[in-house]
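In my numbering, each residue carries its 1-based index in the sequence shown increased by 241. Where a beta carbon is used, it is the ideal one built from N, C-alpha and C, also for glycine. Each remark here refers to the structure printed beneath this line.
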Amino acid sequence: MAGERKTYGDEESILLGLRERDPAALEALYDRYARRAFGLAFKVLGDGVAAEDAVQEAFLTVWRQAARLDLARGRVGALLLTVVYRRAIDLLRERRGQLPLTDNTADVLSRPGGEPDWASLSVDRQAVRRALDSLPAEQREAIEMAFFQGLTHVEVAEALGLPVGTVKSRLRLGMEKLRSLLKEVE
Numbered sequence: 242m243a244g245e246r247k248t249y250g251d252e253e254s255i256l257l258g259l260r261e262r263d264p265a266a267l268e269a270l271y272d273r274y275a276r277r278a279f280g281l282a283f284k285v286l287g288d289g290v291a292a293e294d295a296v297q298e299a300f301l302t303v304w305r306q307a308a309r310l311d312l313a314r315g316r317v318g319a320l321l322l323t324v325v326y327r328r329a330i331d332l333l334r335e336r337r338g339q340l341p342l343t344d345n346t347a348d349v350l351s352r353p354g355g356e357p358d359w360a361s362l363s364v365d366r367q368a369v370r371r372a373l374d375s376l377p378a379e380q381r382e383a384i385e386m387a388f389f390q391g392l393t394h395v396e397v398a399e400a401l402g403l404p405v406g407t408v409k410s411r412l413r414l415g416m417e418k419l420r421s422l423l424k425e426v427e
């Protein structure tokens, strides 16, 4: 029937609707993930206006790139949250030079020896990245969402379409493997 509005109840139907350029699919995606996306962006940026910008740009990116999205690579929600996180990090990098020093930062910089050992930090970061890359994909994905994107266990479970217990198991096993791998580096 003409003028009838299509409903989108699951990730697959939302993705199909996005590919068909149906604004109702974008609205369904927004209704489902906007709050979580804003929370993630706000955790990264600490600024509501910038977080709104990151979320808006992420939804536009998903809308424009819908034809390229593949559910085999992950759920639409997880992909959206990844785009939000990356955009928030980009915004943070863009304004990094404009950020005022916080009291904590000033304390760290004024301490004797407050200058970090940049070479050591770089090696540590590389070791962590290598260790993460060596984890099974399902453990790595859960860890990245929980620790780098700042999602709760429930949010990770919802984004991946898994029970919370499964997410907790993946996180625990992944962290145990990371701990073991990083002890070898020391």
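Using the C-alpha atoms, what's the distance from residue j back to residue i?
i	j	result
E425	R328	34 Å
R277	F389	15 Å
I255	A266	5 Å
L423	L414	14 Å
L271	W304	Going by the sequence as given, residue 271 is Tyr instead of Leu. Each residue's alpha carbon lies about 11 Å from the other.
A299	E417	33 Å
A400	F283	18 Å
L392	V325	12 Å
A275	L321	10 Å
S410	A398	11 Å
D294	R316	23 Å
V369	D331	21 Å
When DSSP labels each residue in this structure, what does residue i get in the three-state scheme?
i	result
T248	coil
L310	coil
Q390	coil
D331	helix
S254	helix
P404	coil
S375	coil
D263	coil
R316	coil
How should residue i be labelled, buried or exposed, when 16 other C-beta atoms within 10 angstroms of its C-beta is the threshold for buried?
i	result
G289	exposed
V395	exposed
G287	exposed
S361	Caution is warranted here: a pLDDT of 43 is assigned to S361, below 50, making its placement in the model unreliable, and no coordinate value can be reported.
G250	exposed
Q380	buried
Locate the alpha helix (DSSP H) running through residue i, then write down its first and last residues.
i	result
A291	289–305
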